[in-house]
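Counting from 749, one number per residue, gives the positions in the sequence shown under the numbering used here.
For every residue, glycine included, the Cβ atom is placed at its ideal position computed from N, Cα and C.
In what follows, a single structure is set out as structure tokens and then discussed.
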Amino acid sequence: MEILDLRHFASHDLRPVLEEEVEVWQRLLQWDYQASAEMILRYADSRILPGYAAIERGRVHGYCFFVYEGSKGVIGDLYVLDSGATRGRRREIALELLNHAISTLQQSPGIHRVEAQLLVHPADELSEPFLRAGFHRYQRQFLSLPLDAAYHPPQRPLEPGIDMHRWTEADYQPAAHVITAAYANHVDSNVNDQYRTISGSLRFLNNIVRFPGCGVFDASSSFVAMHRPSNTRAGLLLCSRVSHDVGHITQLCTLPEYRRSGIGEHLLRDCCADLVARRFSAVTLTVTEENQRALAFYLRLGFKPMHIFDGYVWEG
Ligand SMILES: CC(C)(COP(=O)(O)OP(=O)(O)OC[C@H]1O[C@@H](n2cnc3c(N)ncnc32)[C@H](O)[C@@H]1OP(=O)(O)O)[C@@H](O)C(=O)NCCC(=O)NCCS
749 MEILDLRHFA SHDLRPVLEE EVEVWQRLLQ WDYQASAEMI LRYADSRILP GYAAIERGRV
809 HGYCFFVYEG SKGVIGDLYV LDSGATRGRR REIALELLNH AISTLQQSPG IHRVEAQLLV
869 HPADELSEPF LRAGFHRYQR QFLSLPLDAA YHPPQRPLEP GIDMHRWTEA DYQPAAHVIT
929 AAYANHVDSN VNDQYRTISG SLRFLNNIVR FPGCGVFDAS SSFVAMHRPS NTRAGLLLCS
989 RVSHDVGHIT QLCTLPEYRR SGIGEHLLRD CCADLVARRF SAVTLTVTEE NQRALAFYLR
1049 LGFKPMHIFD GYVWEG
């Protein structure tokens, strides 16, 4: 097996790998990865996607790509075929691809941080090259809440002065302030450093709300909690559509001073009520295991663990 620059290969070379990967995302995470796969194939045809391909007898058996975002490198995806020629060697090929991607990113001039979230790969499976290269590992859970069960309204009413509205464009800028304040000194701002600053949170929002990378943003099931007397946004929930009947919560946070008064639960219930009314079958989200309170909160509300994966961060 040879590891070669991904930019030598076009969409027809990569298509069989991505077709299998689309099936895995659907089976494991209820996630329709087709649009992301098409985007990767378009980039491949433009020969602008940095990464590596595993090649044997002229055929691509696996790939790994990364992107540069300022001084940060992000490993976007990694997949190795689970059939034919790769049988028994899948992990070995994946590790080899990762070794190449990690050393290229760490040696890229001006890159001070590298992040990777390998969603479809079970926790620990591919940790070796990351840990050897000095990455910190954050175990993360993928949770799913079936929406076929009867809808239960929140047990506690909202405090006077707090009300909910559906996401509008006017929430965009203030939401960046809510995210930055909600994640100050929080483990998730180590996993995703965008949360640390207003400009980073705006970039996060831009990726979620305007780009169809993490599903398609769904304004109808995304809500904002407003404290009317002070005209303050106290919390928010963002949801995207990741398959025809599955929503994925990409963000849920409450300002520290408004926590433990039921806002988080109301945001979740309002989101679920909207999805139920539109006949969605499930809503999913990811949570860092170290974020014990949030994990316990989701489990209490009926979310079920589906899959455990790793997030990796290197700060040079
Ligand atoms: C997780 C988070 C969104 C919860 O938001 P919240 O508005 O505090 O949520 P709620 O008030 O509905 O519930 C939180 C807890 O307060 C309790 N609570 C709710 N109303 C209460 C009240 N009136 N009095 C006392 N406790 C109350 C709930 O029972 C719940 O307890 P639990 O954690 O043991 O389940 C919030 O802690 C947060 O923003 N954290 C930082 C960002 C984050 O971790 N987001 C999740 C990433 S996956």
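**Report entry** F971: CB within 8 Å of a non-hydrogen atom of ligand 1
**Finding:** no
Query raised in the report: Taking the alpha-carbon positions, what's the D830 to D872 distance?
Result: 18 Å
Query - Run of the alpha helix (DSSP H) containing D761, from where it starts to where it stops - result: 759 to 777
**Report entry** Buried or exposed by the 16-neighbour rule on C-beta atoms within 10 Å, applied to N933
**Finding:** An exposed status is given to N933, since fewer than 16 other beta-carbon atoms sit within 10 Å of its beta-carbon.
Query raised in the report: Where does V690 sit, in a helix, a strand or coil, going by DSSP?
Result: Residue 690 lies beyond the residue range present for the chain, which begins at 749 and ends at 1064; the question has no answer from this structure.
Report task. Quick one: residues in its chain with C-beta nearer than 7 Å to the C-beta of G821, no 5 flanking neighbours on either side, listed in chain order? Result -> F814, L853, S856, I859, V862
Report task. Could you round the C-beta distance between H1055 and F890 to whole angstroms and report it? I think they count as a contact, below 8 Å. Result -> 4 Å
Requested in this report: Report yes if the CB atom of A849 is closer than 9 Å to the CB atom of R795, and no otherwise.
Outcome: no
Query - Distance between beta carbons of L754 and Y827, contact taken as under 8 Å - result: Contact flag wrong, Cβ pair sits at about 12 Å.
Requested in this report: Would you mind working out which of A842, I956, L1016, V1031 sits nearest L866, comparing C-alpha positions?
Outcome: A842
Report task. Measure the alpha-carbon distance for W915 versus E769 and round it to whole angstroms. Result -> 32 Å
Query - Inter-residue CB distance, L1003 and L1016 (contact presumed, cutoff 8 Å) - result: At roughly 16 Å, the Cβ-Cβ gap does not stay under 8 Å, so L1003 and L1016 are not in contact.
Report task. Return helix, strand or coil for S988, following the three-state DSSP convention. Result -> Here S988 sits in strand by DSSP.
**Report entry** Identity of the residue in I788, H760, P922 nearest G806 by Cα
**Finding:** H760
Query raised in the report: Can you find at least 3 beta carbon pairs, one from the segment 832 to 847 and one from the segment 1027 to 1047, that sit closer than 8 Å?
Result: Using a Cβ-Cβ distance cut-off of 8 Å, the segment 832 to 847 and the segment 1027 to 1047 are not in contact, since fewer than three pairs of beta carbons, one from each stretch, lie closer than that value.
Query raised in the report: Looking at V1035 and ligand 1, is the gap between the Cβ and the nearest heavy atom below 8 Å?
Result: yes
**Report entry** Beta-carbon contacts of R838 that lie in its chain and below 7 Å, excluding the five residues immediately before and after
**Finding:** These residues qualify, in order along the chain: V828, D830.
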